[in-house]
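K.L.:
Here you go, one structure.
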């Protein structure tokens, strides 16, 4: 069994893009710095999506220009189309040499209707659009990661056949993505399903070419991660405090919380390079930025036990 | 792999005993009826602990006398001492023939300091006390289940050696308990730890003699249940809505939620006999009884998706 696991932190992009309160750029950078200090090796920082669609990420260029470099840390930025790639390349050029390394990421769904709803294209149109993004990005020296949404179920179509998910995954790898992250967008995945999907996917890809992006909507995220670990995967996505991931309702869970993932991994003896107290500090900051308690369980347990200890000492 | 899993519902006892608001007996019985209707095969109904310690359960006799019988359903009642056994036997006698079957349960910790704090006895004193409860209960035709708290960690001592947990388990089985439930009282357990503990325990006990009682304080409950399933266990404890289990703070998770457990089991193809809509109805009722949202994730996802659907239809 591998002893090192790579945690992909997606909170700053996925978590902050849907907030009612638009978090000011300096506060985003404060969170990014703290996550970087905590030792997270991969951080999804923002998205060069059109500000027309997601006004909260209109500052993507400023964010990328100011990303704090740390040894071994690579950032990711979503790039939905050729225009987005242009913006990313401009921001990188502005940041100059010595800037933190930034990879690109492209995303699509395994189901037609979710893809249509989310990025306003059919799957065929999306592949065509990615031809204008991925090969040019690679040609400019960028690394590109792929995300497949609705890999465990679609809010419009229900069950999604694992064969379809593997087909999309293969297309993204063939385009040149170094890794594809399989997303349980609505948090319906269960362990046998994860095992079956990974069996099929690992017949076509190496373990390091795959990642799991689980949602904890029904409490099954870490059980599915365990299946992924047993299948040989070494990369898992998560979000600080469980921020984002389109939870159904306030208090409901979306993205797997980074603290929960890291807690389990460390408890199992895996190395992540993540510093626990600094990760908790980042979770506290994320809560302050969005102005409400986040659903991450290990975060809440840690903060509550500190309060109890402080009470005993005081 | 076995295809049938037994879900032990502990909400009515474990969940309601620590509520600030004492839930009136008729409301407790309403919840018990709904859980029985939902098809849960085992329900921990109350405790014959001294009302001095837990006033909220002073109505244990009335509850036991009124437990709704259902085919295949057995209730459990905690019996901490000889006095408690006397009260249980009296309540059973009062309920008469045709009453629902009720088993007894005894509980202790794997760690000295938690046992002392929780039941005010050393481990040695507890074994001695159980000699006055378990054999007499068996002699009266009762079945007795055992619980081992702090089986994955102790709030006062930290790590608890699995060998100690297995020793307590063996003592309880030797006393005549038909099953021992290993409790992660503070929700610190991770999968390798669960695997190691079950390996040791299964060298001394049959799978059906063991159960897991996981807490979801750090999000790892279902990952640990998955390990239990893979080890051949077929019995898992959970609490409706995630009620109870001494969560650290409001909003923090204690007991694994029954809905989360049943969601994963059904998703994996296991039969539980539990009816999903009625289980959700029980979760809604539990929330009303305690007057706040409960932490169970699948419950919240289900209720939120209904609200969304109702909004779309309206």
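Residue numbers (the numbering used here), protein chains in the order written: chain X, 134 to 447; chain Z, 134 to 447. Cβ coordinates follow ideal geometry from the N, Cα and C atoms, glycine included.
In the DSSP assignment, find the unbroken beta strand (DSSP E) run with residue 317(X) in it and report its ends.
P.N.:
Within the first chain, residue 317(X) is the residue found at index 184, counting from 1. From DSSP, residue 317(X) is part of no beta strand (DSSP E); its letter is neither H nor E.
K.L.:
Please go through the same chain and pick out, in chain order, the residues whose beta-carbon is closer than 6 angstroms to the beta-carbon of residue 138(Z), but skip the five residues on each side of it.
P.N.:
By one-based count along the second chain, residue 138(Z) stands at place 5. Only 367, 398, 403, 405 meet the Cβ criterion.
K.L.:
Along the stretch 407 to 432 of chain Z, what residues have a CB closer than 7 angstroms to any CB found in chain B?
P.N.:
Included in the structure are the protein chains X and Z, with no chain B among them.
K.L.:
Do residue 181(X) and residue 155(X) come within 7 angstroms of each other at the CB atom, strictly closer than that value?
P.N.:
For this step, residue 155(X) is matched to residue 22 along the first chain. For this step, residue 181(X) is matched to residue 48 along the first chain. No.
K.L.:
Within the same chain, show all residues whose beta-carbon is closer than 7 angstroms to that of residue 412(Z), passing over the 5 residues directly before and after it, in chain order.
P.N.:
Translated into the one-based positions of the second chain, residue 412(Z) becomes position 279. Taken in chain order, the residues that qualify are 171, 391, 392, 395.
K.L.:
Given this structure, state the Cα-to-Cα distance separating residue 220(X) from residue 318(X), to the nearest angstrom.
P.N.:
To locate residue 220(X), count along the first chain from 1; it is residue 87. To locate residue 318(X), count along the first chain from 1; it is residue 185. If you take the alpha carbons of residue 220(X) and residue 318(X), they lie about 27 angstroms apart.
K.L.:
Excluding five sequence neighbours on each side, which residues of the same chain lie with their C-beta closer than 7 angstroms to the C-beta of residue 162(X)?
P.N.:
Walking along the first chain from the start, residue 162(X) turns up at place 29. Contacts found: 196, 199.
K.L.:
To the nearest angstrom, how far is the alpha carbon of residue 350(X) from that of residue 400(Z)?
P.N.:
In the first chain, counting from the first residue as 1, residue 350(X) sits at position 217. In the second chain, counting from the first residue as 1, residue 400(Z) sits at position 267. Near 14 angstroms, if we compare the C-alpha coordinates of residue 400(Z) and residue 350(X).
K.L.:
For a cutoff of 7 angstroms on Cβ pairs, would you count residue 153(Z) as touching chain X?
P.N.:
Here residue 153(Z) refers to the residue found at position 20 of the second chain. Cβ-Cβ to chain X under 7 angstroms: no for residue 153(Z).
K.L.:
Cβ atoms of residue 360(Z) and residue 369(Z): under 7 angstroms apart, would you say?
P.N.:
Locating residue 369(Z) in the second chain gives position 236, counting from the first residue. Locating residue 360(Z) in the second chain gives position 227, counting from the first residue. Cβ atoms of residue 369(Z) and residue 360(Z): not closer than 7 angstroms.
K.L.:
Report the option in 432(Z), 176(Z), 269(Z) whose CA atom is closest to the CA atom of residue 414(Z).
P.N.:
As a working mapping, residue 414(Z) is identified with position 281 in the second chain. Nearest of 432(Z), 176(Z), 269(Z) to residue 414(Z), Cα basis: 432(Z).
K.L.:
Pull up the distance between the alpha-carbon of residue 250(Z) and that of residue 287(Z), whole angstroms please.
P.N.:
Here residue 250(Z) is taken as the residue at index 117 of the second chain, counted from 1. Here residue 287(Z) is taken as the residue at index 154 of the second chain, counted from 1. Cα-Cα distance, rounded: 11 angstroms.
K.L.:
Which residues of the stretch 308 to 337 of chain X have a Cβ closer than 9 angstroms to any Cβ of chain Z? Give them in chain order.
P.N.:
From the stretch 308 to 337 of chain X, only 319, 320, 321, 322, 323, 324, 325, 326 have a Cβ closer than 9 angstroms to chain Z.
K.L.:
Select from the stretch 342 to 356 of chain X all residues with a C-beta closer than 9 angstroms to any C-beta belonging to chain Z, and list them in chain order.
P.N.:
Listed in sequence order: 349, 350, 351, 352, 353, 354, 355, 356.
K.L.:
Count the CB pairs spanning the stretch 279 to 295 of chain X and the stretch 246 to 264 of chain X that are closer than 8 angstroms, and state whether there are at least three.
P.N.:
Touching, per the Cβ criterion.
K.L.:
Relative to the C-alpha of residue 308(Z), which residue among 328(Z), 277(Z), 331(Z) is closest?
P.N.:
Locating residue 308(Z) in the second chain gives position 175, where the first residue counts as 1. Closest by alpha carbon: 277(Z).
K.L.:
To test your reading of the DSSP string, which unbroken alpha helix (DSSP H) runs of 4 or more residues are found completely within the stretch 247 to 321 of chain X?
P.N.:
Complete alpha helix (DSSP H) runs here, min 4: 256 to 264, 267 to 272, 295 to 308.
K.L.:
Could you tell me the alpha carbon to alpha carbon distance between residue 356(X) and residue 362(X), rounded to whole angstroms?
P.N.:
Reading the first chain from its first residue, position 223 is the one you call residue 356(X). Reading the first chain from its first residue, position 229 is the one you call residue 362(X). Taking the straight line from one Cα to the other gives about 10 angstroms.
K.L.:
Applying a beta-carbon distance threshold of less than 7 angstroms, which residues of chain X neighbour residue 359(Z)?
P.N.:
As a working note, residue 359(Z) is residue 226 in the second chain. Those within 7 angstroms of residue 359(Z) in chain X are 324, 356, 359.
K.L.:
Of the residues that make up the stretch 285 to 300 of chain Z, which ones have a beta carbon closer than 7 angstroms to any beta carbon in chain X?
P.N.:
Here the close residues number zero.
K.L.:
Assuming residue 144(Z) and residue 374(Z) are in contact, meaning their beta carbons sit under 8 angstroms apart, how far apart are those beta carbons, in whole angstroms?
P.N.:
On the second chain, position 11 is the one that residue 144(Z) refers to. On the second chain, position 241 is the one that residue 374(Z) refers to. The Cβ separation is near 7 angstroms, so the contact holds.
K.L.:
List the residues of chain Z whose Cβ lies closer than 9 angstroms to the Cβ of residue 393(X), in chain order.
P.N.:
The residue labelled residue 393(X) in the question sits at position 260 within the first chain. By Cβ distance, chain Z contributes 351, 352, 353.
K.L.:
The alpha helix (DSSP H) spanning residue 166(X) covers which residue range?
P.N.:
As a first step, residue 166(X) is located in the first chain; it is residue number 33 there, counting from the start. Its alpha helix (DSSP H) spans residues 158 to 170.
K.L.:
Roughly how many whole angstroms lie between the Cα atoms of residue 345(X) and residue 315(X)?
P.N.:
Locating residue 345(X) in the first chain gives position 212, counting from the first residue. Locating residue 315(X) in the first chain gives position 182, counting from the first residue. Residue 345(X) and residue 315(X): Cα-Cα distance of roughly 5 angstroms.
K.L.:
Between the C-alpha atoms of residue 222(X) and residue 354(X), what's the straight-line distance to the nearest angstrom?
P.N.:
Looking up residue 222(X) in the first chain gives position 89. Looking up residue 354(X) in the first chain gives position 221. Straight-line Cα distance between these residues: approximately 35 angstroms.
K.L.:
If I measure Cβ to Cβ from residue 364(Z) and keep anything under 6 angstroms in the same chain, skipping five residues before and after, which residues do I get?
P.N.:
For this step, residue 364(Z) is matched to residue 231 along the second chain. Same-chain partners within the cutoff: 331.
K.L.:
Quick one: is the Cβ of residue 388(X) within less than 6 angstroms of any heavy atom of the ligand FAD?
P.N.:
Inclusion of the ligand FAD in the displayed structure is not the case, the ligand content being empty and no account of it being possible.
K.L.:
Terminal residues of the continuous alpha helix (DSSP H) containing residue 155(Z)?
P.N.:
Locating residue 155(Z) in the second chain gives position 22, counting from the first residue. Run containing residue 155(Z): none; DSSP gives neither H nor E here.
K.L.:
With a cut-off of 8 angstroms on the beta carbons, I'd call residue 209(X) and residue 191(X) a contact; round off their distance for me.
P.N.:
Position 76 of the first chain holds residue 209(X). Position 58 of the first chain holds residue 191(X). Actually they are not in contact, since the Cβ atoms of residue 209(X) and residue 191(X) sit about 19 angstroms apart, beyond 8 angstroms.
K.L.:
Only counting the same chain, and skipping five residues up and downstream in sequence, which positions put a Cβ closer than 6 angstroms to that of residue 457(Z)?
P.N.:
Because residue 457(Z) is not part of the residues shown, which for chain Z are 134 to 447, the question remains open.
K.L.:
According to DSSP, is residue 396(Z) helix, strand or coil?
P.N.:
Locating residue 396(Z) in the second chain gives position 263, where the first residue counts as 1. Helix at residue 396(Z).
K.L.:
If distances are taken between C-alpha atoms only, which option among 409(Z), 150(Z), 290(Z) comes closest to residue 179(Z)?
P.N.:
For the purposes of this step, residue 179(Z) is taken as the residue at position 46 of the second chain. Per the Cα distances, 150(Z).
K.L.:
Establish whether the CB of residue 396(Z) and some CB of chain X are separated by less than 7 angstroms.
P.N.:
As a first step, residue 396(Z) must be located in the second chain, where it is residue number 263. With 7 angstroms as the cut-off, residue 396(Z) counts as an interface residue toward chain X.
K.L.:
Nearest by alpha-carbon distance to residue 306(X): which of 159(X), 290(X), 240(X), 327(X) is it?
P.N.:
Walking along the first chain from the start, residue 306(X) turns up at place 173. When only C-alpha atoms are compared, the closest one is 240(X).
K.L.:
Using the C-alpha atoms, what's the distance from residue 347(X) back to residue 320(X)?
P.N.:
Reading the first chain from its first residue, position 187 is the one you call residue 320(X). Reading the first chain from its first residue, position 214 is the one you call residue 347(X). Each residue's Cα considered, the two are about 7 angstroms apart.
K.L.:
Measure how close the beta-carbons of residue 206(X) and residue 169(X) come, nearest whole angstrom, since I'm counting them as under 8 angstroms.
P.N.:
One-based indexing of the first chain puts residue 206(X) at position 73. One-based indexing of the first chain puts residue 169(X) at position 36. Yes, residue 206(X) and residue 169(X) are in contact; Cβ-Cβ is about 6 angstroms, under 8 angstroms.
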